[in-house]
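Residue numbers (my numbering), protein chains in the order written: chain B, 11 to 396; chain D, 11 to 396. All residues carry an ideal CB built from backbone N, CA and C; glycine is no exception. Right, one structure below, let's go through it.
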């Protein structure tokens, strides 16, 4: 079967784009990806749109048709995919399958979310839609609450500290300070994190990713054609995914690990024929600082329970065993829901091409991105190589 | 590459299910499909959910996670797909690609829509979300209006008559009278259609499909494994799709044809190595009577402009060249948006197995289903064989 290569990536700056519509953002990201791949929109055969909630945020359904009109895409394969925060990687996987199965040779995958259409409380209401309506959202559940439970349990069981959580945020902000497209770029200290206002104990404001607007795009092609477009194709070696039927927090059997991620990672490593230690650089889904710790454990970068110490030792920093979130992570780069998984791919592509700026570039042959939905019960892992 | 077979199908009755939730409906359809395939939910490896608008209708996002909890699905591939009324066939294609590309061997595809959560005007508001917000919906555009424009133009250019439109509804209702799961089962006459109340000239009430609740499911497997599950596998020989960037009615270049469908059909026929004349039975997307006429033309069952006469001659009835909508069609079987494409597959499977009741059964080796989204500018065609 065909290999699948990424030959172009593009992204808008992430942040608060009050002067741009969702379609404006998508157009900017797609324009950059097309230029990167040196390809015209007319050559696009497949179109995958990842967007979590255009219905609520833009009052716009049938988003794949809607965006196709503004992007000028006609395609013989097209769909929108959605799985809350993992929508972007679901989009990558759908595009990957379309190329792999020979449905198309050239597929555009676009992720977009424009959250600042609404006032603050309405944005949180829109986000609460991802939570089970009858069993959780009705009782006021929201994302920080759930991840705070993971953090509390991890601290109780393994002695993880608030300082270690803060170090995740500090590292990712330092990387973001060298990423002109990141939502937040001003460096912060551990004390800044610890002294930021409480959101849901033990998580403080700087333990939480922001609400961001943004769009990211990637162009996937049949590997045999990759060098027609670029001298530096990056190949998708594997995509592992797992959805576990523990959608409500009370059904999660273990709050100290992301079980679905362990399964997704195992599958991805097997497909790629590699071990966790072979990964040179990774982008993970740090929607909250505790998430990055759970993820580096579930991905096998360190042992279960050892994530806090692994961060504290600098193993996830440049020069460590596996630099993590060199793009700034969700915490600092931002998290326009449907775009995130695709932005992660773009950052890994930049690393594998050797095009990251000083202070962020890793000597990398194999990269990995990890993206989650819900309470980490829906997970995707993508493995890339030069 | 693997062939893809359908080994189990299931559907709820379509109608107004005030006593059931969306998850109740999905459970009923999935239970029937699992029993049909003689398979347990634990053997499901991939899960695709097709649903148009759970965000608005159920105030529930992240629907793939939500439904997985209620269905008891854990999967190594999972996504929700959405493309308005073509969501069901997008789901079939996504499941097809997942099996074809070797991502999974056994994939459950579920389509569901529960519309009667809201009062009438709110349902229409929810449906208006599929229409471009800024350019159409804001001016009160809705589905009957758009399809009435297609009808008016077709009547003007080709002399298609209101009686011919009515004959589509009458035929499909007769088939529905032998389908105990259809939304409307009481036979009607041409006069009933002509005398039903005007909706948008020239379309009357009985030219329009109803709003329905319902769920349908299909189980797709690697063709090599098909006979492990059933003695009567039905193979998906091809899926053609086309999305054309004419999402707003004012950008559609020709209102007398479904151009995207012509392209999707051409691709599907080529993949399957067949001609339109080889199709023995078809389910098409008759959201309005005019749609069925445009579709039989675009699918090549008759010449362009000849759809009205083709219906009048009985060529789409049992004994005609190609019986169409033997399940009752959207007009009478009903149209729970995300479920429709998957229900169509179930009806074709029933035909190819020879399990349709008398008065509906066709001697068929090759079947076809066609499903559309938006103003017919997003189209999918699936070709099946024994």
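Should residue i and residue j be called a contact, given that it needs their Cβ atoms to be closer than 8 Å?
{"i": "residue 279(D)", "j": "residue 13(D)", "result": "no"}
{"i": "residue 59(B)", "j": "residue 90(B)", "result": "yes"}
{"i": "residue 16(D)", "j": "residue 227(D)", "result": "no"}
{"i": "residue 377(B)", "j": "residue 292(B)", "result": "yes"}
{"i": "residue 116(D)", "j": "residue 198(D)", "result": "no"}
{"i": "residue 219(D)", "j": "residue 158(D)", "result": "no"}
{"i": "residue 374(D)", "j": "residue 382(D)", "result": "no"}
{"i": "residue 203(D)", "j": "residue 196(D)", "result": "no"}
{"i": "residue 333(B)", "j": "residue 392(B)", "result": "no"}
{"i": "residue 188(B)", "j": "residue 369(B)", "result": "yes"}
{"i": "residue 236(B)", "j": "residue 120(B)", "result": "no"}
{"i": "residue 182(D)", "j": "residue 338(D)", "result": "yes"}
{"i": "residue 260(D)", "j": "residue 25(D)", "result": "no"}
{"i": "residue 72(B)", "j": "residue 93(D)", "result": "yes"}
{"i": "residue 18(D)", "j": "residue 39(D)", "result": "no"}
{"i": "residue 98(D)", "j": "residue 336(D)", "result": "no"}
{"i": "residue 387(B)", "j": "residue 205(B)", "result": "no"}
{"i": "residue 276(B)", "j": "residue 395(B)", "result": "no"}
{"i": "residue 47(D)", "j": "residue 262(D)", "result": "no"}
{"i": "residue 167(B)", "j": "residue 316(B)", "result": "no"}
Closest to residue i by CA distance: which of the options is it?
{"i": "residue 224(B)", "options": "241(B), 144(B), 155(B) and 340(B)", "result": "340(B)"}
{"i": "residue 95(D)", "options": "330(D), 328(D) and 297(D)", "result": "297(D)"}
{"i": "residue 124(B)", "options": "47(B), 42(B), 55(B) and 22(B)", "result": "22(B)"}
{"i": "residue 358(B)", "options": "196(B), 294(B) and 387(B)", "result": "294(B)"}
{"i": "residue 345(B)", "options": "386(B), 28(B) and 193(B)", "result": "193(B)"}
{"i": "residue 322(B)", "options": "169(B), 120(B) and 30(B)", "result": "169(B)"}
{"i": "residue 284(D)", "options": "309(D), 263(D), 101(D) and 141(D)", "result": "309(D)"}
{"i": "residue 330(B)", "options": "364(B), 365(B), 287(B) and 380(B)", "result": "287(B)"}
{"i": "residue 324(B)", "options": "33(B), 34(B), 174(B) and 156(B)", "result": "174(B)"}
Take the Cβ of residue i as the centre, count every other Cβ of all protein chains shown within 10 Å, and call the residue buried at 16 or more, exposed below.
{"i": "residue 111(B)", "result": "buried"}
{"i": "residue 45(D)", "result": "exposed"}
{"i": "residue 148(D)", "result": "exposed"}
{"i": "residue 243(D)", "result": "buried"}
{"i": "residue 27(D)", "result": "buried"}
{"i": "residue 78(B)", "result": "buried"}
{"i": "residue 76(B)", "result": "buried"}
{"i": "residue 232(D)", "result": "buried"}
{"i": "residue 367(D)", "result": "exposed"}
{"i": "residue 29(D)", "result": "exposed"}
{"i": "residue 302(B)", "result": "buried"}
{"i": "residue 313(D)", "result": "exposed"}
{"i": "residue 384(D)", "result": "buried"}
Contact defined as beta carbons within less than 8 Å: I believe residue i pairs with residue j. What is the distance between those atoms, to the nearest angstrom?
{"i": "residue 2(D)", "j": "residue 304(D)", "result": "Since the first and last residues shown for chain D are 11 and 396, residue 2(D) lies out of range."}
{"i": "residue 249(B)", "j": "residue 390(B)", "result": "7 Å"}
{"i": "residue 326(D)", "j": "residue 306(D)", "result": "6 Å"}
{"i": "residue 186(D)", "j": "residue 216(D)", "result": "Wrong, their Cβ atoms sit about 12 Å apart, outside the cutoff."}
{"i": "residue 49(B)", "j": "residue 83(B)", "result": "With 8 Å as the limit, residue 49(B) and residue 83(B) do not qualify as a contact, their Cβ atoms being about 12 Å apart."}
{"i": "residue 69(B)", "j": "residue 184(D)", "result": "Going by Cβ atoms, the distance from residue 69(B) to residue 184(D) rounds to 40 Å, so no, they are not a contact pair."}
Short of 6 Å in beta carbon distance, which residues of its chain neighbour residue i, apart from the five on each side in sequence? Order them along the chain.
{"i": "residue 252(D)", "result": "270, 273, 274 and 389"}
{"i": "residue 163(B)", "result": "265 and 266"}
{"i": "residue 56(B)", "result": "85, 87, 108, 114 and 117"}
{"i": "residue 268(B)", "result": "304, 308 and 386"}
{"i": "residue 105(B)", "result": "58, 117, 119 and 230"}
{"i": "residue 176(D)", "result": "200, 203 and 204"}
{"i": "residue 342(B)", "result": "182, 183, 186, 192 and 194"}
Quick one: residues in its chain with C-beta nearer than 7 Å to the C-beta of residue i, no 5 flanking neighbours on either side, listed in chain order?
{"i": "residue 139(B)", "result": "63 and 66"}
{"i": "residue 207(D)", "result": "214 and 215"}
{"i": "residue 127(B)", "result": "67 and 68"}
{"i": "residue 11(D)", "result": "110"}
{"i": "residue 133(D)", "result": "125 and 221"}
Can you confirm whether residue i, when its beta carbon is compared against all beta carbons of chain A, has any partner nearer than 8 Å?
{"i": "residue 94(D)", "result": "This model lacks chain A altogether, as its protein chains are B and D."}
What do you reckon, is the C-beta of residue i under 7 Å from a heavy atom of the ligand NAD?
{"i": "residue 331(D)", "result": "This structure simply doesn't include the ligand NAD, nor any ligand for that matter."}
Keeping to the same chain, check which residues put their C-beta closer than 8 Å to that of residue i; ignore five residues upstream and five downstream.
{"i": "residue 101(B)", "result": "58, 59, 60, 91, 119, 120, 121, 348, 351 and 352"}
{"i": "residue 289(B)", "result": "309, 311, 332, 376, 377, 378 and 393"}
{"i": "residue 171(D)", "result": "165 and 318"}
{"i": "residue 154(D)", "result": "209, 210, 213, 218 and 298"}
{"i": "residue 151(B)", "result": "138, 141 and 259"}
{"i": "residue 145(B)", "result": "258 and 260"}
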